[in-house]
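One point on numbering: in full-length UniProt numbering, the residue at position 591 of the sequence shown is 591, and numbering is uninterrupted.
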Amino acid sequence: MAAKPGVFQFPGVQLPEDIAYMLAVNHKYILHAKPQVHDVAAAKDRFARTVRIRWQFRNNTSNKEYIPKFHVPNPFWEPQKASSAIELGLDNAMEEIDRQVSRALATMATQSPNHGNMNWTRVQQFLNDNDLLVKLTDKNLGLAVFQKEWYIQEIHKMLGSNKAYKIASDLDMEQLLDTLYGQLQRWKLPKNMTRFIREKTASKIPEFHAIPKVHKMPWALRPIVPSHSWVTSRVSEVVDHLCRPILDKLPWVVDSSKKVINNLSKIRIESDNVWICTGDVVAFYTNINARACCKVVCGAWHRYASDSKIPTETISQMIKFVMENNYFSFQDQVWKQLDGLAMGTSCAPLLANIYAAYYERKRQLVYQPGVRLYNRYIDDILVIFEGTRKELMHFLNQVKLGPLTINWDVSLLKKEFLDIEILKSRDQSGPKLVTRLFKKQMNRHLYIPWSSAHPLHVKKAFVKAELIRFAIISSEVEYFADARSQFYGNLRRRGYPSQVLENWFKQVSYEQRAIFLSPKEDKEMVAPLMLSGRYNPVWEYINVDEILRSAREGWNLERNLPETLQQPLIRSLSRHTSLFDLLSAWNKTILHTDMLSDETDGE
Numbered sequence: 001m002a003a004k005p006g007v008f009q010f011p012g013v014q015l016p017e018d019i020a021y022m023l024a025v026n027h028k029y030i031l032h033a034k035p036q037v038h039d040v041a042a043a044k045d046r047f048a049r050t051v052r053i054r055w056q057f058r059n060n061t062s063n064k065e066y067i068p069k070f071h072v073p074n075p076f077w078e079p080q081k082a083s084s085a086i087e088l089g090l091d092n093a094m095e096e097i098d099r100q101v102s103r104a105l106a107t108m109a110t111q112s113p114n115h116g117n118m119n120w121t122r123v124q125q126f127l128n129d130n131d132l133l134v135k136l137t138d139k140n141l142g143l144a145v146f147q148k149e150w151y152i153q154e155i156h157k158m159l160g161s162n163k164a165y166k167i168a169s170d171l172d173m174e175q176l177l178d179t180l181y182g183q184l185q186r187w188k189l190p191k192n193m194t195r196f197i198r199e200k201t202a203s204k205i206p207e208f209h210a211i212p213k214v215h216k217m218p219w220a221l222r223p224i225v226p227s228h229s230w231v232t233s234r235v236s237e238v239v240d241h242l243c244r245p246i247l248d249k250l251p252w253v254v255d256s257s258k259k260v261i262n263n264l265s266k267i268r269i270e271s272d273n274v275w276i277c278t279g280d281v282v283a284f285y286t287n288i289n290a291r292a293c294c295k296v297v298c299g300a301w302h303r304y305a306s307d308s309k310i311p312t313e314t315i316s317q318m319i320k321f322v323m324e325n326n327y328f329s330f331q332d333q334v335w336k337q338l339d340g341l342a343m344g345t346s347c348a349p350l351l352a353n354i355y356a357a358y359y360e361r362k363r364q365l366v367y368q369p370g371v372r373l374y375n376r377y378i379d380d381i382l383v384i385f386e387g388t389r390k391e392l393m394h395f396l397n398q399v400k401l402g403p404l405t406i407n408w409d410v411s412l413l414k415k416e417f418l419d420i421e422i423l424k425s426r427d428q429s430g431p432k433l434v435t436r437l438f439k440k441q442m443n444r445h446l447y448i449p450w451s452s453a454h455p456l457h458v459k460k461a462f463v464k465a466e467l468i469r470f471a472i473i474s475s476e477v478e479y480f481a482d483a484r485s486q487f488y489g490n491l492r493r494r495g496y497p498s499q500v501l502e503n504w505f506k507q508v509s510y511e512q513r514a515i516f517l518s519p520k521e522d523k524e525m526v527a528p529l530m531l532s533g534r535y536n537p538v539w540e541y542i543n544v545d546e547i548l549r550s551a552r553e554g555w556n557l558e559r560n561l562p563e564t565l566q567q568p569l570i571r572s573l574s575r576h577t578s579l580f581d582l583l584s585a586w587n588k589t590i591l592h593t594d595m596l597s598d599e600t601d602g603e
């Protein structure tokens, strides 16, 4: 039975109905903004700059060492003016944008808004008066509301009673940066990676926080360290990029439900004695010894990347720098992580995957008798095993990932793995495995409401993506129909008009499943042209096809128009203020109230 709509409330917390209703709009809910013409003007400037850059470098041959995500733009460099035909096209495009903006403003001036932002001031005041925090939940089940006092106590317990952390009163930021830049010169990385690390490294200490595990009784917390702007962050990104191709050599390590479904579809079972087993690696990251992991990854680098110009010693030093300098703060107290892989750093999942795969490969788990399928998604393991219970237990006892502990759950009938429910079934040809969407009982299904300021094309893309996911997971058409029907009902309850949904739902059919399951073509794609800005009502009236048509009236006069200027034009919009942004700010204020009062009391 599905959970009731709304937010999770910690025992003893009682929210007024209107507060609970407003919070239940979903953390992704975007507040409505006023029309912002200056945003479109900035988008015009960025578009013109991109076009001129593509024209200026039209004859450049492909540089294999150039990696877009590691590019560091020069803020003082300006591209040259393009040819007269390209500049004419740009002028045409700018005039068309101005016409569309003028029409948009005139139209909006005659319309009364059919929405209104909710009374977020009341929500903030209630949370502040009652010392309540609101956070996302573990397993992505929705939002949860709980007392600040409980949260702080649990975090202090987590940090204080765990030998994995210590207070770091001796952190010398300047020395740490000097260490990084000194090592960077010796790593002999490609120039763009070296410059990326040198120019983009920041020194903002990550703020430790935690999200509630509402599916546990009593509630517990899952630690989070958002290490995106720390001294090790850029190094970690480079390590992740360099070592990621190693996963291609480890096909049983999967990265999506789609891969699992494709692997399951290849299995033909011949008896009812087939077990569906799922394993959960306990505290995966924190129980992996960082030095041992570094050694394993370096071995994999030597084995699979022997033709790389980057020496194994560089990979080793980079990993050690990331893992040995994992600092974070909580309420102005700096801590250092001592054991396990560094929390929150971008390369941790990849390194953990390679570490576990070392033992899986060593024990040849994929090829053991009775194993019809062995897949692992980070710390979740799926095994399809054919044999007796005794044979199964013998195999599971062999699954040892170094010192890590695995909790197993087995069944002859059905089990859940990721968002897939795997079941045994039977037809005229005998037993078979079927799959359908796994529905978490506690999931609140708080999809983006229709009233959110998300652009229409974003809402449509989200709906179609979900329908495609349902089609991929559902091995039978009736399973797809069931998931589709429930999704439709949930969206209607979130305010989506029936006519809009019926139109969108027609665009995804189960007959397309084979296409959805086919692998994406691995070919170099030329990036589209973009008008980039932030969500605001003006963009709903911007027709990019008309803008591109106007531009090409000039560009087509160019005898050899480069391929980079033959691409489609799209809108690329970053979001406006969301409920998540509000909650993050409110939580920080509530958590720091005591500290602020202590400071002012001493004045």
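Quick reminder that beta carbons are idealized off the backbone N, C-alpha and C, glycines included.
Nearest candidate by alpha-carbon position, reference Phe438, set Tyr304, Ala93, Ile472:
Of Tyr304, Ala93, Ile472, the residue nearest in Cα terms is Ile472.
When you compare only the Cα positions, how much space is there between Thr201 and Met193?
One C-alpha to the other measures close to 12 Å.
Measure how close the beta-carbons of Ile381 and Lys188 come, nearest whole angstrom, since I'm counting them as under 8 Å.
The pair is not a contact, with the Cβ atoms about 38 Å apart (cut-off 8 Å).
For Tyr374, collect the residues of the same chain with a Cβ closer than 7 Å to its Cβ; drop the 5 residues on either side in sequence, then sort them by chain order.
Same-chain partners within the cutoff: Trp252, Leu365, Val366, Val383.
May I ask you to list the residues that DSSP assigns as paired with Ile430?
Sequence inspection shows Gly at residue 430; the Ile mentioned does not correspond to that position. Answer is Asp427, bridged to Gly430.
Contact check, residue 605 vs Tyr29 under 8 Å by CB: the rounded distance?
The structure shown does not extend to residue 605, since the chain spans only 1 to 603, so no value can be given for it.
Would you mind reading off the limits of the alpha helix (DSSP H) that contains Arg361?
Membership of Arg361 in the alpha helix (DSSP H) is indicated by the continuous run 348–362.
Should Thr137 go down as buried or exposed, given a rule of 16 or more other Cβ atoms within 10 Å for buried?
In summary, Thr137 is buried, with 16 or more beta-carbon neighbours lying within 10 Å of its beta-carbon over all protein chains present.
Closest Cα partner of Ile468 within the set His457, Ala483, Glu65
Distance from the Cα of Ile468 is smallest, within the candidate group His457, Ala483, Glu65, for Ala483.
Assign Ala514 to one of two classes, buried (16 or more other C-beta atoms within 10 Å of its C-beta) or exposed (fewer than that).
Around the beta-carbon of Ala514, fewer than 16 other beta-carbon atoms lie within 10 Å, marking it exposed.
Pick out whichever of Glu324, Arg122, Val145, Leu88 has its Cα sitting closest to the Cα of Gln14.
Of the candidates Glu324, Arg122, Val145, Leu88, Val145 places its Cα closest to the Cα of Gln14.
Check whether Asn407 and Asp280 have beta carbons under 8 Å apart
Yes, they are a contact pair.
Residue range of the unbroken beta strand (DSSP E) whose run includes Phe328:
Looking at the DSSP string, the run of the beta strand (DSSP E) that includes Phe328 is 327–330.
Which listed residue (Asn92, Gln111, Ile269, Gly6) has its alpha carbon closest to that of Gly142
Of the candidates Asn92, Gln111, Ile269, Gly6, the residue whose Cα lies closest to the Cα of Gly142 is Gly6.
Measure the beta-carbon distance from Lys415 to Tyr359 and round it to whole angstroms, keeping in mind my assumption that it falls under 8 Å.
The beta-carbon distance between Lys415 and Tyr359, rounded to whole angstroms, is 23 Å. This is too long to meet the 8 Å contact definition.
Contacting residues, own chain, Cβ-Cβ under 6 Å from Val225 (five flanking each side not counted)
Cβ within range, chain order: Pro206, Phe208, Phe328, Met343, Gly344.
As a quick exercise: from Asn503, Tyr355, Leu177, Leu557, pick the residue whose alpha carbon is nearest that of Arg244.
For the residues Asn503, Tyr355, Leu177, Leu557, the minimum Cα distance to Arg244 belongs to Tyr355.
I'd like the list of long-range same chain contacts for Met118, defined as Cβ closer than 8 Å, with 5 residues on each side in sequence excluded.
Met22, Val25, listed in sequence order.
Please state the DSSP three-state secondary structure of Gly89.
In the three-state reduction of the DSSP assignment, Gly89 falls in the helix class.
Could you spell out where the alpha helix (DSSP H) holding Arg389 opens and where it closes?
Its alpha helix (DSSP H) spans residues 389–398.
Give the secondary structure of Lys309 by DSSP, where H, G and I count as helix, E and B as strand, and everything else as coil.
Assigned with DSSP and collapsed to three states, Lys309 falls in coil, not helix or strand.
Decide if the region 231–245 is in contact with the region 308–323; the criterion is three or more beta carbon pairs, one per stretch, under 8 Å apart.
The way I'd put it, the region 231–245 does touch the region 308–323; three or more beta-carbon pairs between them come closer than 8 Å.
For Gly533 and Val40, believed in contact at Cβ under 8 Å, the rounded distance
Here Val40 really is in contact with Gly533; their C-beta atoms are around 6 Å apart, less than 8 Å.
Between the region 71–87 and the region 549–566, are three or more C-beta pairs nearer than 8 Å?
Yes: at least three Cβ pairs fall under 8 Å.
Tell me the residue span of the alpha helix (DSSP H) that contains Trp120.
120–129 is the extent of the alpha helix (DSSP H) around Trp120.
Output the residue ranges of the beta strand (DSSP E) runs that lie fully inside the region 493–575 and measure 3 residues or longer, sorted by chain position.
Within the region 493–575, the complete beta strand (DSSP E) segments of 3 residues or longer fall at 529–534, 569–574, listed in chain order.
Presumed contact (8 Å Cβ cut-off) between Tyr535 and His454, rounded CB distance
About 7 Å separates the Cβ atoms of Tyr535 and His454, confirming a contact at the 8 Å cut-off.
Pull the bridge partners of Tyr165 from the DSSP assignment, please.
DSSP lists Gln337 as partners of Tyr165.
Quick one: what does DSSP say Leu184 is sitting in, helix, strand or coil?
In the three-state DSSP reduction, Leu184 falls in the helix class (H, G or I).
Close Cβ partners of Glu603 (< 7 Å) along its chain, the five nearest in sequence each way excluded
Model confidence at Glu603 stands at a pLDDT of 41, short of 50, so the residue's coordinates are unreliable; what they give is reported in the following sentence. For Glu603, where only same-chain residues beyond five positions count, there are no Cβ hits under 7 Å.
Tell whether a beta-carbon distance below 8 Å holds between Leu591 and Trp55.
Not a contact, by the Cβ cut-off of 8 Å.
What do you reckon, are the CB atoms on Leu31 and His576 nearer than 8 Å?
Yes.
Looking at the secondary structure, which residues open and close the alpha helix (DSSP H) in which Phe580 lies?
If you look at Phe580, you'll find it in the alpha helix (DSSP H) that goes 579–591.
If residue 622 and Gln567 are in contact, beta carbons under 8 Å, what's the gap, nearest whole angstrom?
Examination of residue 622 is not possible in this model, given that the chain is present from 1 through 603 alone.
Quickly, what does DSSP pair Phe8 with across the bridge? List them, please.
In DSSP, Phe8 forms a bridge with Ala144.
If you run the structure through DSSP and keep just helix, strand and coil, what is Ser597?
For Ser597, the pLDDT reaches just 42, beneath the cut-off of 50, and the residue's location in the model is therefore unreliable, although a value from the coordinates is still provided. Three-state DSSP puts Ser597 in a helix.
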